[in-house]
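Student: Structure incoming, see below.
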Amino acid sequence: MASVLVVEDDQFVRSALIRHLTDASHTVRSVGTALEALREVAHNRFDVVILDLGLPDLDGAEALKMLRGVTDVPVIIATARDDEAGIVRLLNDGADDYLTKPFSVEHLSARIAAVLRRARGGAGEGVPDAVLRVGGLAVDPLRRRAELDGRHLDLTRREFDLLAFLAGRPGVVVPRRELLAEVWQQAYGDDQTIDVHLSWLRRKLGETAARPRYLHTLRGVGVKLEPPR
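The sequence shown lines up with residues 0 to 228 when you count with numbering that gives the first Met the number 0.
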C-alpha cells in the first residue's frame, strides 16, 4: 500500500490513526512536532503525509511551507478549522487535500487513495504511454520523465504535472480555471499558485516571462505551450 507519515501531537488521535492505517496495510511512522516531521521527510521517503495544524512547536500552515521547501510528497491537512479562506490558503501553499476533524478512518483512507492516484499519474487509469514531443521537449507521462534538447529536467511533481498537461495540448490556450481543476484538482484558487509554478518551470526551461520560448501566457485568458519559432 503506502508509506504514511502522521504528524499529530494528540497521542490519542495519533494512536488511533496508526492503528487504523496499519490495519489498512499501510506502513506508518508518526511524530508529534513540525521539526520532527521535517527531519523524517529529509531522511525517509514517504508516499503521503497527514499533517495536523495544531502542533506545539510550529503552526501547521508554516510547517506545510517548510515541508514544501524540502519535498513534494503529497500532504493531506487534518484540521479542526473550517473557514474557506484558510483552506484556500493551505491549498495554494501546497496542500494536496484536507480533512476537517472529526473524520472517519474510511474517509481518510479514501482521500489517501485519491491523492496517491494523482501523485502517481493515475497509473492503470488510461495514462498515455506515448512520449509527448513539443520542439526540443520530450515528456514521458508514464515514466514521469522530461527532457529538453536531450537534457534531463529535474522537476517537482507539480511542475511535471503542469508541463505534461500542457504538452498534451500543444498550441492550445488552456484557461487558468482548467489548470486549477486538472493539475491542482481544485475547483477554485488563487492565480498566484499558477504563476509561481509557471515561473519555476520557465526557469528550468531556460526562459522568462518577458522572453518566452515554450510557455506563453495570454493575459486574462490562459497559458499555452508551443515549440519555439
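Glycine included, every Cβ here is placed at the ideal spot set by N, Cα and C.
In the structure shown, what three-state DSSP assignment does Val-69 receive?
Tutor: Residue state, collapsed to three classes: helix.
Student: List the residues that DSSP assigns as beta-bridge partners of Ile-49.
Tutor: According to DSSP, Ile-49 bridges with Val-5, Ile-75.
Student: When DSSP builds the beta bridges, which residues end up paired with Tyr-97?
Tutor: Per DSSP, Ile-76.
Student: Quick check on the DSSP output: the beta strand (DSSP E) that includes Asp-139 runs from which residue to which?
Tutor: Start and end: 136 to 139.
Student: Once DSSP output is grouped into helix, strand and coil, what is the label at Thr-207?
Tutor: Coil, per DSSP.
Student: Using beta-carbon positions only, say whether Thr-70 and Asp-81 come within less than 8 Å of one another.
Tutor: Contact: no.
Student: According to the neighbour-count rule (16 or more other Cβ atoms, all chains shown, within 10 Å of its Cβ), is Ala-15 buried or exposed?
Tutor: Ala-15 comes out exposed.
Student: Identify the continuous alpha helix (DSSP H) that holds Arg-176 and give its terminal residues.
Tutor: Looking at the DSSP string, the run of the alpha helix (DSSP H) that includes Arg-176 is 175 to 181.
Student: Which same chain residues end up closer than 8 Å to Thr-26 when comparing Cβ atoms and leaving out the 5 residues on each side of it in sequence?
Tutor: Around Thr-26: Met-0, Ala-1, Ser-2, Val-3.
Student: Roughly how many angstroms lie between the CA atoms of Gln-10 and Gly-219, to the nearest whole one?
Tutor: Their backbone Cα atoms lie some 48 Å apart in a straight line.
Student: Any idea what DSSP makes of Leu-131, helix, strand or coil?
Tutor: If DSSP states are grouped into helix, strand and coil, Leu-131 belongs with the strands.
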